[in-house]
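*Asks:*
Protein chains: 4
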Amino acid sequence: MSDSNGKYTTIHYQQYLELDKILKAQNLRSLQLDEEAHEEMLFIIVHQVYELWFKQIIHELESVIEFFEDKEIIESSLGVAISRLNRVETILKLMVEQIGVMETMTPLDFLDFRNYLFPASGFQSFQFRAVECLLGLPNEQRLTYHGHKYSSVFPEEQQKALDKIYEKGTLLDIVNAWLERTPFLKLDGFDFLEMYRKALDKMLENENKAILASEYLTEKEKEMRLKMVGSSDTYFQSILDRDKHDELVKEGKKRLSYEATIAALFINLYRDEPILHLPFRFMTALIDIDNQMTTWRYRHAQMVLRMIGNKIGTGGSSGHEYLASTAMKHQIYTDFHNISTLLIPRSELPALPKNIKEQLSFHFTAE
Amino acid sequence: MSDSNGKYTTIHYQQYLELDKILKAQNLRSLQLDEEAHEEMLFIIVHQVYELWFKQIIHELESVIEFFEDKEIIESSLGVAISRLNRVETILKLMVEQIGVMETMTPLDFLDFRNYLFPASGFQSFQFRAVECLLGLPNEQRLTYHGHKYSSVFPEEQQKALDKIYEKGTLLDIVNAWLERTPFLKLDGFDFLEMYRKALDKMLENENKAILASEYLTEKEKEMRLKMVGSSDTYFQSILDRDKHDELVKEGKKRLSYEATIAALFINLYRDEPILHLPFRFMTALIDIDNQMTTWRYRHAQMVLRMIGNKIGTGGSSGHEYLASTAMKHQIYTDFHNISTLLIPRSELPALPKNIKEQLSFHFTAE
Amino acid sequence: MSDSNGKYTTIHYQQYLELDKILKAQNLRSLQLDEEAHEEMLFIIVHQVYELWFKQIIHELESVIEFFEDKEIIESSLGVAISRLNRVETILKLMVEQIGVMETMTPLDFLDFRNYLFPASGFQSFQFRAVECLLGLPNEQRLTYHGHKYSSVFPEEQQKALDKIYEKGTLLDIVNAWLERTPFLKLDGFDFLEMYRKALDKMLENENKAILASEYLTEKEKEMRLKMVGSSDTYFQSILDRDKHDELVKEGKKRLSYEATIAALFINLYRDEPILHLPFRFMTALIDIDNQMTTWRYRHAQMVLRMIGNKIGTGGSSGHEYLASTAMKHQIYTDFHNISTLLIPRSELPALPKNIKEQLSFHFTAE
Amino acid sequence: MSDSNGKYTTIHYQQYLELDKILKAQNLRSLQLDEEAHEEMLFIIVHQVYELWFKQIIHELESVIEFFEDKEIIESSLGVAISRLNRVETILKLMVEQIGVMETMTPLDFLDFRNYLFPASGFQSFQFRAVECLLGLPNEQRLTYHGHKYSSVFPEEQQKALDKIYEKGTLLDIVNAWLERTPFLKLDGFDFLEMYRKALDKMLENENKAILASEYLTEKEKEMRLKMVGSSDTYFQSILDRDKHDELVKEGKKRLSYEATIAALFINLYRDEPILHLPFRFMTALIDIDNQMTTWRYRHAQMVLRMIGNKIGTGGSSGHEYLASTAMKHQIYTDFHNISTLLIPRSELPALPKNIKEQLSFHFTAE
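Chains as they are written, first to last, in the working numbering: chain Z, 1 to 367; chain R, 1001 to 1367; chain V, 2001 to 2367; chain H, 3001 to 3367.
#1: Starting from glutamine 2124 (chain V), trace the alpha helix (DSSP H) in both directions and tell me its first and last residue.
#2: Bridge partners of leucine 3187 (chain H), per DSSP?
#3: Just curious, the alpha helix (DSSP H) that serine 238 (chain Z) is in, first and last residue?
#4: Under a CB-based cut-off of 8 angstroms, is leucine 2360 (chain V) close to chain R?
#5: Would you mind stating whether leucine 2023 (chain V) and lysine 55 (chain Z) have Cβ atoms separated by less than 8 angstroms?
#6: For proline 1345 (chain R), which residues in chain V fall below 7 angstroms Cβ to Cβ?
#7: Return the residue from the list R:Leu1360, R:Ala1285, R:Ile1339 that minimises the CA-CA distance to glycine 2309 (chain V).
#8: Within the same chain, show all residues whose beta-carbon is closer than 7 angstroms to that of threonine 1170 (chain R), passing over the 5 residues directly before and after it, in chain order.
#9: Starting from phenylalanine 370 (chain Z), trace the alpha helix (DSSP H) in both directions and tell me its first and last residue.
#10: Using a beta-carbon distance cut-off of less than 9 angstroms, what residues from the region 1120-1152 of chain R approach chain H?
#11: Quick check: the region 91-102 of chain Z against the region 286-297 of chain Z, are there 3 or more CB pairs under 8 angstroms?
#12: Since isoleucine 2174 (chain V) and arginine 1306 (chain R) are thought to touch, with beta carbons under 8 angstroms apart, how far apart are those beta carbons, to the nearest angstrom?
#13: With a cut-off of 8 angstroms on the beta carbons, I'd call asparagine 115 (chain Z) and alanine 3210 (chain H) a contact; round off their distance for me.
#14: Who are the Cβ neighbours of leucine 2269 (chain V) in its own chain at under 8 angstroms, not counting the five residues just before and after it?
#15: Since glutamine 3014 (chain H) and valine 3049 (chain H) are thought to touch, with beta carbons under 8 angstroms apart, how far apart are those beta carbons, to the nearest angstrom?
#16: I want to verify the contact list: residues of chain V whose CB lies under 8 angstroms from the CB of aspartate 3201 (chain H), in sequence order.
#17: Only counting the same chain, and skipping five residues up and downstream in sequence, which positions put a Cβ closer than 7 angstroms to that of alanine 2199 (chain V)?
#18: DSSP has histidine 1012 (chain R) in a bridge; who is on the other side?
#19: From the DSSP output, in three-state form, read off isoleucine 1312 (chain R) for me.
#20: Starting from phenylalanine 1067 (chain R), trace the alpha helix (DSSP H) both ways and give me its first and last residue.
#21: Note down, in chain order, every chain V residue with its Cβ under 9 angstroms from the Cβ of leucine 3421 (chain H).
#22: In this structure, does DSSP put histidine 277 (chain Z) in helix, strand or coil?
#23: Using a cut-off of 8 angstroms between C-beta atoms, extract the partners of glycine 1309 (chain R) located in chain V.
#24: Exposed or buried, serine 2355 (chain V), counting other C-beta atoms within 10 Å across all chains shown (16 or more means buried)?
#25: What are the start and end residues of the alpha helix (DSSP H) that includes threonine 3326 (chain H)?
#26: Rounded to whole angstroms, what's the CA-CA distance from threonine 284 (chain Z) to glycine 1100 (chain R)? Just pull it up for me.
#27: Taking lysine 1071 (chain R) as the reference, give the member of R:Leu1179, R:Gln1127, R:Leu1248 with the closest Cα.
#28: If you measure between the beta carbons of leucine 2323 (chain V) and arginine 1346 (chain R), is that distance less than 8 angstroms?
#29: Excluding five sequence neighbours on each side, which residues of the same chain lie with their C-beta closer than 6 angstroms to the C-beta of alanine 2260 (chain V)?
#30: Ends of the alpha helix (DSSP H) at glutamate 1156 (chain R)?
#31: How many angstroms separate the CA atom of leucine 360 (chain Z) from the CA atom of glutamate 1358 (chain R)?
#32: Mind pulling the chain Z residues with CB within less than 7 angstroms of tyrosine 2258 (chain V)?
#33: Which chain Z residues are close to arginine 2029 (chain V), counting only those with a beta carbon under 8 angstroms from its beta carbon?
#34: Using only the alpha-carbon positions, how far apart do glutamine 3124 (chain H) and leucine 217 (chain Z) sit?
#35: Any C-beta of chain Z sitting closer than 8 angstroms to the C-beta of serine 1076 (chain R)?
#36: Using the three-state DSSP reduction, which class does serine 1317 (chain R) fall into: helix, strand or coil?
Set out below in structure tokens:
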């Protein structure tokens, strides 16, 4: 088709997907340098598929970050933002499954062409690093690899591109700022923090009572458990103490600001209020992505262990141990995970004052 | 623990889960009647797990239906209702995967104890039928099995229980009623249907133009395609024609009422409006459940084919063919699936009048 | 690295994977012709990933077919062949999961760029057709699409390439020939077919007795069931009747030859014998692939229904119905699935004569 | 049905599965003690399903261990043993997926009934411990939990049952013994270890040459890499040194004996030989199970983090950290994973002498 503005040209599947490029980009090193190693095709294609998914994930994350730039528009875009984050999670799940495809290659198969890859390595994937940066993995939190900065393997231009992501604001930064803007924490004589503090005290008191009254526990066990509730108490105090919080932020042990943390807690506790439901889902989507990312890291570490044992990787990494520890330590949204430790049961949750409740509601069904 | 109101008694994992009952309920017929067939344990456990999931699904579906009974309360419960339907979908996905566990049993393994099961059969699962009923599978749509009513294998009491689900109102009934209550279709001089009709005409006109202008298609192909757009047009007319719609309902070809269909269309088209976002997700959750149910039916049919080929099942069913056709014909939310055929591109979608738009919005971020 | 024979050149991840090609092959039509439709990126990448997996599947299937060309070498390659088929299954499973990624795009999102794709269509995927041909989907069994031959959308060269697959021999052809070569069916006074026939008669007799003796069934039900066993009997006769079998082959209702079918049955019944274990796993792998292919077809049909309802696809297909019926009718290894109907319980399976049993064994543990 | 030996009694689905027990074993504590917490049903059912799967896994593992008891019979049972281990893997995969079902419960939902569970805890699952023991998790390797022995939460009788598993021989013990019996390592003038040693030296020499000749690496990088090859060399020496090996076994750093390790290496290197193919698959199945177990542990730890953050679990565990570290440290078949580090490329693998090769072959296709 074609009309005045050129909109209606036609296109064929083959051209549209540029299959000439895509399907001719598998050049086996083994074939070039020696004899074809059957499994090298799989190795190449698996990595190319990963890179395609990385591109898609970057496309989604950038679009979500963009939504937050225009502070006016974010509410009406929250639904779309959640859908896109859910899509990222779905893709990550598929990427976790895909490790099973790679695992159909045995270590012996890999040895047939492993030497030819030197020194190519997954550490050289620019897009993977971009995904980490966009999500907000802090540079200081990164485990180093043979003492080099993670980005040192990239050309200068790409290093700058990665730095720019941090400058512009990662998803975590932007979510933090958005949470800080929550308007409901102190309104019309309603003080969320004070209310929460009281409910908390009551809950811990009840837990203590329960332990003391238990017929099942020995005295020693009771003692141990009471100590635990005590340390729970200490923990709770830290969240109510702005100075302590700020200190932890400085030490890199927390990422969300004090205000953002309180807002996140408020949303979690009252997420059944219609207006808080999408914000709650948004935070859940971030946790889900974080979980899938670390699961992928974990499964990837397993796969590397299986494939090369403790030998060095082609890129010179110390392999399995390094990767396995990133699974544990490169979690990004830990502060959101830890909100759970601050929750109190609905039954102990004070009802919101009527005027606040009305501000948080809307009605789909008119009467 | 124990206090005045008895709340704080203690409990052990083993008792809490009633493992004495659960783990002693695997009595192999092969062992009782002859020699243990190793795979009978798997057969029993797989089915028991399915029944446990059915119980959970029923628990969720009933709770969602209950939400809708109180018309006042539904908006604030919509988020929770969606979460529970999403949970049902997650369980159904697991149930689909579980077929892979059953498939680790080979046909020859099954033969080792198949004779002892006679005439037990999956057709005798009361809970599975209850799930079908709660979702809204209409009795008339059911394929019969050797000419008997599906519920004839159950004792009278259970037959009554199934009938009662229909009397009380299935999820589909209740969703239909809820959609009919949508307050936004005709408000303050805004007439959704009229607006939609105009946009539709423009869109079809554009499609016709595109076909005629194509350099790629032969004259014959153009003709064919124009005819298709024509029949598309005819199809669109049917939705705008209340009488035609009601006729299709009478013939059992549609399930949603005319009003409910228009409301569903409206929500789909304007789901980016904050207040319509949860209703949109709710409908999507129903489609997702429907898809997982039919996927399960399909995979189950595959498994039966693999296990017993075309031989009769232990319950006397004609097996694979019957099951495979239920996958295609026991879809329940077909009307929601078909909403897609009524959509028009966002670019051709008229903007909502300002007063309507404000009614559909709420603001999380205060200024 | 580099040595005399050029083996040790170095390579970088980026070049090795040709990411310049791969990551620059996403040219959004919406962006070219109008305004970027956010979801078009997903649409392109999902399809490109599919094409990459198709390439991998073709790579594996061709290599397996090649193994069978050298009749001498096949035994020692059977293990490798099974691994590669299992890999194909794993990839297909991932491809089924991947439909969930596509489904994160809603019908309304799709409408934002659907018009620009005209007349590109998945029907134009050459590699998908190549996979079908390599597996052995017979041309006569194919459902036609608007009356055209499936390959008519391809340039002549590609049509020839598809024809050539059939000429050279599909996986099914080659498996059939391999089964016909099974050396164990009639050896040293051992006649498998005769032995099987006797065991069968005994088994059916027992089933009849069981039905007659049942206290649970009504007379009418017994009658019905006896009739079923009768038709089971008739069915069994057909496999023992070479002429009937050949007739069904001629009518396209069976694909395996008489000899191959008997061999497949033998392997299934005595697959616990060490030498028959890998052949059994090989056949199982083919069934698994067949199942995943049809599951993919089914899920794909579901996705199309969800995305465009009953409207015509961009390639002019009648959409959902066509695709859903290929799920049911484009099954290829139906004859293997149906072997289940011919099995008899191990308890009724005659022990192999000692001399045969020794020929089928080998010992890993020396004494 | 019923005949003289009672074989043909009939049975109904409901009775066969003992659904009266199974479906009445969900007694919500919240309902008993206070008000029904909707999500407690999910919590109970998810755990009951896990226990059912544990029972199935135990059923399979015990049967495999039994195969190995009769040393004569194991070869002909190897195929069946592999199938059963593959089934265990499939079930474990499902169990990993099932965590996603639990995650549909939010932390706030859990708080609604968490207090009533005290002090029930997953640590009290006897069957889970039995699975760990059967697989061969050594008691010394277990991380302790609040300083108590893992089994101290069980009644004495169950503690004894767990001890007995170790006494009788775990799967790992039995596999070790089986590998030690491998008859092929030193036969007819063929000395596997000597042959392997030579091939190894040649391979490491080549790697060194490749590094030195590289144009890509800086001098410093070359130095680093040469050092790595050196430590690789040192590593290889350890496997060839029986004394060093035995020392590592004593320190609990290795589990397989020297002989078993060499046998496992031999099978891995020559697994394309028909007779070694099933033994290779058997070892692969063990690695797969190990991977799924640790993946489940990892995902379980993630779920606990999400659900209760760093708060203590109801059983008094320190929660997430403890569980996450078991994922890393409770791997059982590490020695098999590490075989990969000992492999050498097929191209450098010496061909087996003709007489050995013949002993390893069998022919399915007669000439």
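Every residue, glycine too, gets a C-beta built ideally from N, C-alpha and C. What you are looking at is a predicted structure, and each value in this text was computed from that prediction instead of being measured.
*Replies:* Let's see:
#1: Position 124 of the third sequence, counted from the first residue, corresponds to residue 2124 (chain V). No alpha helix (DSSP H) holds glutamine 2124 (chain V); DSSP gives it neither H nor E.
#2: On the fourth sequence, position 187 is the one that residue 3187 (chain H) refers to. Looking at the DSSP assignment, leucine 3187 (chain H) forms a beta bridge with H:Phe3190.
#3: As a working mapping, residue 238 (chain Z) is identified with position 238 in the first sequence. Where serine 238 (chain Z) is concerned, the enclosing alpha helix (DSSP H) stretches over 219-240.
#4: For the purposes of this step, residue 2360 (chain V) is identified with residue 360 of the third sequence, where counting begins at 1. Not one chain R Cβ lies under 8 angstroms of leucine 2360 (chain V).
#5: Here residue 2023 (chain V) refers to the residue found at position 23 of the third sequence. Here residue 55 (chain Z) refers to the residue found at position 55 of the first sequence. Cβ distance < 8 angstroms, so leucine 2023 (chain V) and lysine 55 (chain Z) count as in contact.
#6: Position 345 of the second sequence, counting from 1, holds the residue named residue 1345 (chain R). By Cβ distance, chain V contributes Leu2111, Asp2112.
#7: For the purposes of this step, residue 2309 (chain V) is taken as the residue at position 309 of the third sequence. Comparing Cα-Cα distances from glycine 2309 (chain V) to each of R:Leu1360, R:Ala1285, R:Ile1339, the minimum goes to R:Ile1339.
#8: Position 170 of the second sequence, counted from the first residue, corresponds to residue 1170 (chain R). Correct list, in chain order: Cys1133, Leu1134, Leu1135, Gly1136.
#9: Since the first residue shown for chain Z is 1 and the last is 367, residue 370 (chain Z) is missing from the structure and cannot be characterised.
#10: Ala1120, Ser1121, Gly1122, Phe1123, Gln1124, Ser1125, Phe1126, Gln1127
#11: Yes, since at least three Cβ pairs between the region 91-102 of chain Z and the region 286-297 of chain Z fall closer than 8 angstroms, the two stretches touch.
#12: Within the third sequence, the letter at position 174 stands for residue 2174 (chain V). Within the second sequence, the letter at position 306 stands for residue 1306 (chain R). So it is not a contact: roughly 23 angstroms between Cβ atoms.
#13: Here the question's residue 115 (chain Z) lines up with position 115 in the first sequence. Here the question's residue 3210 (chain H) lines up with position 210 in the fourth sequence. So it is a contact: roughly 7 angstroms between Cβ atoms.
#14: Position 269 of the third sequence, counted from the start, is the residue given in the question as residue 2269 (chain V). Only Tyr2196, Leu2343, Ile2344, Leu2349 meet the Cβ criterion.
#15: Here residue 3014 (chain H) refers to the residue found at position 14 of the fourth sequence. Here residue 3049 (chain H) refers to the residue found at position 49 of the fourth sequence. Actually they do not touch by this definition, with Cβ atoms about 19 angstroms apart.
#16: Counting from one through the fourth sequence, the residue named residue 3201 (chain H) turns up at place 201. Near aspartate 3201 (chain H) there are no residues of chain V at all, since even the closest Cβ is about 18 angstroms away, more than 8 angstroms.
#17: Stepping through the third sequence from its first residue, residue 2199 (chain V) is reached at position 199. Only Ile2344, Glu2348, Leu2349, Pro2350 meet the Cβ criterion.
#18: Position 12 of the second sequence, counted from the start, is the residue given in the question as residue 1012 (chain R). According to DSSP, histidine 1012 (chain R) bridges with nothing at all.
#19: Numbered from its first residue, the second sequence carries residue 1312 (chain R) at position 312. Low per-residue confidence applies at isoleucine 1312 (chain R): pLDDT is 48, beneath 50, and the placement is therefore not dependable, though the value from the model is reported in the following sentence. Residue state, collapsed to three classes: coil.
#20: For the purposes of this step, residue 1067 (chain R) is taken as the residue at position 67 of the second sequence. The continuous alpha helix (DSSP H) containing phenylalanine 1067 (chain R) extends over residues 1040-1069.
#21: Residue 3421 (chain H) cannot be examined here, being either before or after the span of chain H that is shown, 3001 to 3367.
#22: Residue 277 (chain Z) sits at position 277 when you count from the first residue of the first sequence. Helix at histidine 277 (chain Z).
#23: The residue labelled residue 1309 (chain R) in the question sits at position 309 within the second sequence. Within chain V, the residues near glycine 1309 (chain R) are His2337, Asn2338, Ile2339, Ser2340, Thr2341, Leu2342.
#24: Here residue 2355 (chain V) refers to the residue found at position 355 when the third sequence is read from its first residue. Inspection of the sequence shows that residue 2355 (chain V) is occupied by asparagine rather than by serine. Classification for asparagine 2355 (chain V): exposed.
#25: Here residue 3326 (chain H) refers to the residue found at position 326 of the fourth sequence. That run of the alpha helix (DSSP H) goes 3320-3329.
#26: Working through the first sequence from its first residue, we reach residue 284 (chain Z) at position 284. Working through the second sequence from its first residue, we reach residue 1100 (chain R) at position 100. Their backbone Cα atoms lie some 30 angstroms apart in a straight line.
#27: The residue labelled residue 1071 (chain R) in the question sits at position 71 within the second sequence. Checking every option, the nearest Cα to that of lysine 1071 (chain R) belongs to R:Leu1179.
#28: The residue given as residue 2323 (chain V) occupies position 323 in the third sequence. The residue given as residue 1346 (chain R) occupies position 346 in the second sequence. No. Outside cutoff.
#29: Along the third sequence, one-based indexing puts residue 2260 (chain V) at 260. Closer than 6 angstroms at the Cβ level, and outside the excluded window around alanine 2260 (chain V), lie Asn2176, Leu2179, Glu2180.
#30: The residue given as residue 1156 (chain R) occupies position 156 in the second sequence. Per DSSP, glutamate 1156 (chain R) belongs to the alpha helix (DSSP H) from 1156-1168.
#31: Taking the first sequence and counting its residues from 1, the one referred to as residue 360 (chain Z) is at position 360. Taking the second sequence and counting its residues from 1, the one referred to as residue 1358 (chain R) is at position 358. Cα to Cα, the separation comes out at about 16 angstroms.
#32: Residue numbering aside, residue 2258 (chain V) sits at position 258 when the third sequence is read from its first letter. Those within 7 angstroms of tyrosine 2258 (chain V) in chain Z number zero; the least Cβ separation is about 35 angstroms.
#33: Here residue 2029 (chain V) refers to the residue found at position 29 of the third sequence. Ordered by position in chain Z, the residues that pass the 8 angstroms Cβ test against arginine 2029 (chain V) are Ile11, Tyr16.
#34: Along the fourth sequence, one-based indexing puts residue 3124 (chain H) at 124. Along the first sequence, one-based indexing puts residue 217 (chain Z) at 217. Whole-angstrom Cα-Cα distance: 15 angstroms.
#35: For the purposes of this step, residue 1076 (chain R) is identified with residue 76 of the second sequence, where counting begins at 1. Judged by the 8 angstroms Cβ criterion, serine 1076 (chain R) is in contact with chain Z.
#36: Translated into positions along the second sequence, residue 1317 (chain R) becomes position 317. Here the model assigns serine 1317 (chain R) a pLDDT of 49, short of 50, so the residue's position is not dependable, and the following value carries that caveat. Looking at serine 1317 (chain R) - three-state DSSP - the assignment turns out to be coil, as it is neither helix nor strand.
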